[in-house]
Structures are given as structure tokens and as C-alpha cells.
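Visitor: Just dropping this structure here.
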Amino acid sequence: MLYKTMSSHLSLSKEKNVLLTFLCRAAKNLYNEALYAVRQAFIHDGTYLSYGENEKALQNSLNYRILNSNMAQGVV
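Position in the sequence shown (first residue = 1) + 1358 = our numbering.
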């Protein structure tokens, strides 16, 4: 199966570009936090951390709070 990518060039003001970069970085960091928690649970306990447990644990994360709950739940 072949996948294709589509690039989009946006003409944004400097403020919008900074905001978009900030939100993308928060989403990336939240994804990495969630992945790290799942890996650590598997390595130390041999169990898989469920979505609900992981999401509940990450609700206090700064990156989770930066994003809307809808966006953060989609990332986790």
C-alpha cells in the first residue's frame, strides 16, 4: 500500500506562526510523555498501560494543560 503526503504552505503572520509552533511542540511533548509512561509500565511491571489510565495520569501534565482537552485526548 502506498501512502502519499501532501504539503501545504501557509502564509501566517509572525504571531500565528509562533502560536502554531508552540502548540505543535506541546502536542509532540505530550505524545512523548504518554509513550514514555506506557514503555516504563511495560518494562517495570510487564503490563500495558491502558488509554484511560495514561490519560488520567497525564491530566496534570503542563503539556496537557496547554492544549484543549479535545486536542490533548486526541494526542494521547
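Think of the CB as a built atom: it goes at the ideal place given N, C-alpha and C, for glycine as much as any other residue.
Values in this document were obtained by computation on a predicted structure and should not be read as measured data.
Compute the distance between the beta-carbons of residue 1396 and residue 1378, then report whether it is under 7 Å.
Guide: Counted from its first residue, the sequence shown places residue 1396 at position 38. Counted from its first residue, the sequence shown places residue 1378 at position 20. Residue 1396 places its beta carbon 7 Å or farther from that of residue 1378.
Visitor: Mapping DSSP to helix, strand and coil, what is residue 1419?
Guide: Your numbering for residue 1419 matches position 61 in the sequence shown. The answer is coil: DSSP assigns residue 1419 none of H, G, I, E or B.
Visitor: Helix, strand or coil: how does DSSP classify residue 1387 here?
Guide: As a working note, residue 1387 is residue 29 in the sequence shown. Residue 1387: helix per DSSP, three-state reduction.
Visitor: Considering only the alpha carbon of each residue, which of 1363, 1389, 1365, 1398 lies closest to residue 1419?
Guide: Here residue 1419 is taken as the residue at index 61 of the sequence shown, counted from 1. Selected option, being the one with the closest Cα: 1389.
Visitor: With a 10 Å radius around its C-beta and 16 neighbouring C-beta atoms as the bar for buried, classify residue 1391 as buried or exposed.
Guide: If you number the sequence shown from 1, residue 1391 lands on position 33. Its Cβ being crowded by 16 or more others within 10 Å, residue 1391 is buried.
Visitor: Hey, quick one: how far does the alpha helix (DSSP H) through residue 1432 stretch, first residue to last?
Guide: Walking along the sequence shown from the start, residue 1432 turns up at place 74. Taken as a continuous stretch (DSSP letters only), the alpha helix (DSSP H) holding residue 1432 covers 1427-1433.
Visitor: For residue 1434, is the classification buried or exposed, using 16 other Cβ atoms within 10 angstroms of its Cβ as the cut-off for buried?
Guide: Along the sequence shown, one-based indexing puts residue 1434 at 76. The residue in question, residue 1434, is buried, as its Cβ has 16 or more Cβ neighbours within 10 Å.
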